[in-house]
Amino acid sequence: MPRFLLTIKYDGSNYCGWQVQPNAVSVQSTVQNSLIALTGEENLCVTGCSRTDSGVHANMFCLHFDSDTNIPSERIPFALNIRLPQDIVATDCKIVPDDFHARYSSSGKTYIYKIHNSIFLDPFKYKYYLNVSRYIDEVLLDKAAKCFVGTYDFKGFCSAGSSVVDTVRTVSSCSVERFAEDVIISITANGFLYNMVRIIVGTLLEVNEGRIKLENLPEIISSGDREKAGPTAKPYGLYLEKVHYDSF
199 MPRFLLTIKY DGSNYCGWQV QPNAVSVQST VQNSLIALTG EENLCVTGCS RTDSGVHANM
259 FCLHFDSDTN IPSERIPFAL NIRLPQDIVA TDCKIVPDDF HARYSSSGKT YIYKIHNSIF
319 LDPFKYKYYL NVSRYIDEVL LDKAAKCFVG TYDFKGFCSA GSSVVDTVRT VSSCSVERFA
379 EDVIISITAN GFLYNMVRII VGTLLEVNEG RIKLENLPEI ISSGDREKAG PTAKPYGLYL
439 EKVHYDSF
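So the sequence shown is numbered by the numbering used here: it starts at 199 and just counts up by one.
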């Protein structure tokens, strides 16, 4: 049975996150049910590249599924989008090797976090950006962001409830840039812990407020102490930006 790699993007505002949960609408269940309706294969299951939380968005999210459908892979996005709600859009589909796995075949992911830095709330951005009224020193925060680059034990940047044993991750890039009133934080790593990006963002904002000193960041990272890091930033400013695969 052929294996398909499907790429989608979505607005996570109306979903409990990617993963199926009881008594809640998830992105996974919505996409899976639409694929079942498209192919007529009731046992079809989809496997995602990540587990985005409630309210988190994705500019690129990858999933795989096995199907005997006779619909050409390049036509599946068009046929699927007719059945999907408007806040989820399929953008690409291709056949991949049988041993491909949307999550475990990935060499890394890039997340971005969007902040609207203004004393006024933007009515067109409030569901998609964190609004911060105090001026953000993006030069200072870019220096702070560089402290996270490298291979470290990030257990101090993981929320309670995670069952992950190995908390060592390699961050290959972390940056802060300003675009007029918008500040974008970008981070690429070979993997992320539960709420890791949101806690890094919260920590950077504490640096901006002066409650955490730039020179203390390396010690905070190496301590593994969640209490020393900043709060968990709100979910709606977070986007899965890109999933990296070495073979595609």
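Don't be surprised by glycine CBs; every beta carbon is placed ideally from N, CA and C.
- Annotated three-state conformation of V337 is helix, per DSSP.
- For G408, there is no enclosing beta strand (DSSP E), as DSSP marks it with neither H nor E.
- DSSP, read as helix, strand or coil, puts E240 in coil.
- The beta-carbon separation of L261 and V229, rounded to 7 Å, stays under the 8 Å limit for a contact.
- Sequence-distant Cβ neighbours of G253 in its own chain, meaning closer than 6 Å and more than five residues away, are G210, P433 and Y434.
- DSSP, read as helix, strand or coil, puts L203 in strand.
- Taking C-beta separations shorter than 6 Å and ignoring five residues to either side along the sequence, the partners of S316 in its chain run E379, following chain order.
- The DSSP-derived three-state label of V347 is coil.
- S421 has its alpha-carbon roughly 45 Å from the corresponding atom of L282.
- About 6 Å separates the beta carbons of F355 and L391, which is inside the 8 Å limit, making them a contact pair.
- Annotated three-state conformation of Y208 is strand, per DSSP.
- In the DSSP assignment, L436 falls within the unbroken beta strand (DSSP E) covering L436 to H442.
- The three-state reading of DSSP puts T386 in strand, counting E and B together.
- For the segment 223 to 276, the full-length alpha helix (DSSP H) segments reaching 4 residues or more read 225 to 237 along the chain.
- Annotated three-state conformation of I280 is coil, per DSSP.
- In the structure shown, A358 falls within a coil segment according to DSSP collapsed to helix, strand and coil.
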